[in-house]
Each structure stands twice: as structure tokens, then as C-alpha cells.
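Numbered per full-length UniProt numbering, the sequence shown spans residues 1 to 361.
For reference, the structure discussed in these notes is given below.
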Amino acid sequence: MWALFEAIDQCEPDVEKQVLTSLQTEYLGEKCLVADNKIVWESDAQERYARYFGEHPEELHKLDISGKIQLSDEQVFCDTLGNEKKLVICGGGHVSIPVIRMGRMIGCHVIVLEDRPKFADAARKAGADEVYCEAFADGLQRIDGDADTYFVIVTRGHRYDEECLEQITKKRHAYIGMIGSRRRIAMVKEHLLEKGCDQAVLDEIYSPIGLNIGAETPEEIGVAIIAEIIEVKNKKKRTYGYSKEIRKAIENDTDYGQKVLATIIDRKGSAPQGVGVKMLICENGTCIGTIGGGCMEAGVVQKARLLMSKARTLTSIQPQSRKGETDTASICSVDLQNTDAGEEGMVCGGSVKVLLELLAE
Numbered sequence: 001m002w003a004l005f006e007a008i009d010q011c012e013p014d015v016e017k018q019v020l021t022s023l024q025t026e027y028l029g030e031k032c033l034v035a036d037n038k039i040v041w042e043s044d045a046q047e048r049y050a051r052y053f054g055e056h057p058e059e060l061h062k063l064d065i066s067g068k069i070q071l072s073d074e075q076v077f078c079d080t081l082g083n084e085k086k087l088v089i090c091g092g093g094h095v096s097i098p099v100i101r102m103g104r105m106i107g108c109h110v111i112v113l114e115d116r117p118k119f120a121d122a123a124r125k126a127g128a129d130e131v132y133c134e135a136f137a138d139g140l141q142r143i144d145g146d147a148d149t150y151f152v153i154v155t156r157g158h159r160y161d162e163e164c165l166e167q168i169t170k171k172r173h174a175y176i177g178m179i180g181s182r183r184r185i186a187m188v189k190e191h192l193l194e195k196g197c198d199q200a201v202l203d204e205i206y207s208p209i210g211l212n213i214g215a216e217t218p219e220e221i222g223v224a225i226i227a228e229i230i231e232v233k234n235k236k237k238r239t240y241g242y243s244k245e246i247r248k249a250i251e252n253d254t255d256y257g258q259k260v261l262a263t264i265i266d267r268k269g270s271a272p273q274g275v276g277v278k279m280l281i282c283e284n285g286t287c288i289g290t291i292g293g294g295c296m297e298a299g300v301v302q303k304a305r306l307l308m309s310k311a312r313t314l315t316s317i318q319p320q321s322r323k324g325e326t327d328t329a330s331i332c333s334v335d336l337q338n339t340d341a342g343e344e345g346m347v348c349g350g351s352v353k354v355l356l357e358l359l360a361e
């Protein structure tokens, strides 16, 4: 897994990347990394996939969403990787506070730009990961932007809105939203067009910001903004991949003992978490991330511990001479609409399949 992380880190940040994991019994858990439609790394048993893609390069261009796919006669899980989701909020006023809190709740790294010390302090207290208390133009120069950066402009006046929007339109982004009346927004856009801003980028701005739910209070407006960001985010069928917390724990050789990585590879109905969501289950009892919580997650954790125990037992009997002699991966299914689930109050009408992979110590 370390070698895979190193290969991912060596790729250009904005290049489309997919991790392919074999779901075939013989090669279950074997992986290869595809970047910019080319295989750039593969584990030992993945050579046959490399050969297959070499003969069928057109298949690489189909890898744009996460989920189970069929490649020739092989079933593979495709994990289309995104970057950490970043929420950049220009302005630290009353609307910003609920946006900060909910942005953290949905897993974003939240950055706030605010030039007034009092409001910058309020943003820190609300839980923002970073706060730049300086002129908006100076703060935005620190932010590069990428395909997973969401910009929210909620400053105290259209002069500052325009200043922020002019810089943001030149950056890569997943979303740009700006608060204000239609008249105020139209005026800002007109001024920016006169300054040479790209019409196409201005046309894709979400303004007035947020879903139209009749929001009135700062909290309700915050809900509308975050709901719109979620809608935009989830149209992209890709995952964050391996979070910083999971990677840090995997790379830690001493504190956690054996580790099993659980990944949702299939989802039907209204299961609580989506395809590609990961959780690391550690021998010392630590779990990092969640695949849905409750009895469903508890059952997966139990199966992961059985996988650890079985591997430990087999290794103590005889050294592992080749991959496959110890069970290092398995797929478990969880039905959230069966009788047992109903008795536990878990009926949400869905089911998931989870890939469990025992990681080398």
C-alpha cells in the first residue's frame, strides 16, 4: 500500500487518477494505478491487467466514475480519485459561521478569508481549519484552486465581492457561489466583463447562491449553500480516495497492529454511505473513518477481525511463500432490509458490498 501511495503522490495533482482493484477470487485485492489514461504502477499480480490495457487502450478512457466495472472477462473495482475537498469562504460574517460548521461536517477542509480581526476570530471559533486575516486579494493569492475547491463569496459588500470574484475566476474550481440580489450580481458581472473576465466562467457562477428553499436566517441560508455544494459535488462520481488520517495510520508501523482496509464497492438502495467510502480497522481497537455506523459497521468490523486472526494463525503455522496462501482479502455483503436489520431499526432499503483487505505490517 505504501508503494501505491508513493505512486499517487508522484502523479501531477490535476491529472485524472484511478485505482483498479481486482475482484476476481484468484487475484482479489491486487491493484494498479491509472493516471492520465496510462498505467503507471501495478502490484505484482496485476501484470495481466497491464497487458490487457496495452492491447485495449480505449478501455482506459472509460474509467471516469467509481464503482464495479467489467473489463473483458474480469470484474474490477474502479476508484476514481479526487483530492481533499476544500471550501474557501470569502467573508466571515453571520452567514459564514453555519457554512463553516456544516462544511466541516461534510468533510471539507475549510479556509476563511476575512480582513476584520473580530470576525476572523469568530471564524476560528466556528471551527475553520485556516483563517487568513488580511485583505481578500492577499488571502486569495495563497490559494491555487483545483477541481475539488469550492469557493463561496459572502463578503460584506459588492466591492469586496467583485475583488474576490475577479481573482477566483482565474483559478481552477469545482464551484463558485456568490451571495447577493440579482441586480447586485449582474452589476458585478458587468464590471468584470469590462475588465476582461471570461464570460463562460461568469455564466457558471451559482448566484444567487444556494438552493432555492426560501431560506431567510443565516442558518437557513447556510443550509441552502451547503446543500447546493453537496449537489454539485455528488454529480462527480469520484471519491477522495485515501484520506490523510487513513494514510497516516497505514504508514504507522507500531501503534495500531494489524490493519484491515474496508471499502464499499457496491451500493444499492438508500444505504447510508456511498461507493468508494473507506474505513481502516485496526487490531488495537481503533477505527478510522466510517462506512455507515451502527450494526452494519459492527458486523464488518467483526469480519475484519476474523480476517486478522486467520492470517495471524496461518502465518504462525508456516511462512507465506506466495500470495494467496493466507487469506488477505474478502468481500462481505450487508443487507440493510432483511429481518435482522429491521429488528435493529436499520431498515433503510439498501444493501452494500464491502471489500476487506488485510494490509502488510
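A virtual CB, placed ideally from N, CA and C, is assigned to each residue, including glycine.
Keep in mind it's a predicted model, so treat the numbers as computed, not measured.
Coil, strand or helix - H94 by DSSP: coil
Helix, strand or coil at E283 [DSSP, three-state]: coil
Which of helix, strand or coil DSSP assigns to T326: The predicted position of T326 is uncertain, since its pLDDT is 46 and thus under 50; no value can be drawn from it.
Secondary structure of C32, DSSP reduced to three states: strand
Whether Q273 touches I291 by CB criterion (8 Å): yes
Test item: CB-CB of L211 and A200 under 8 Å: no
heavy atom of the ligand GDP below 7 Å from Q18 C-beta: Of the ligands one can find in the structure shown there are none, so the ligand GDP has no counterpart to examine.
Nearest residue (CA-CA) to D161, options Q10, I185 and E12: I185
Where L355 sits in the DSSP three-state scheme: strand
DSSP three-state assignment for C332, whether helix, strand or coil: strand
Start-to-end residues for the alpha helix (DSSP H) that takes in V223: P218 to N234
Own chain residues within Cβ distance below 6 Å of C197, not counting five before or after: T169
For I179, the three-state DSSP class (helix, strand or coil): coil
Per DSSP, cross-strand counterpart(s) of K85: According to DSSP, K85 bridges with nothing at all.
Segment contact, 8 Å Cβ cut-off, at least three pairs: the stretch 175-193 with the stretch 239-255: no
Local Cβ density within 10 Å of residue 366, reported as buried at 16 or more and exposed below that: An answer regarding residue 366 cannot be provided, because it is not within the stretch 1 to 361 covered by the chain.
Cutoff 7 Å; reference G103; Cβ partners in own chain excluding five residues on either side: L87, V110 and I226
F119 versus V15 - alpha carbon distance: 37 Å
Residue from A147, A123, T25 and I8 whose Cα sits closest to the Cα of V76: T25
For C164: DSSP bridge partner residues: For C164, which the question treats as bridged, DSSP gives no partner whatsoever.
Candidates K189, Q141, V112 and D138: closest to T155 by CA position: V112
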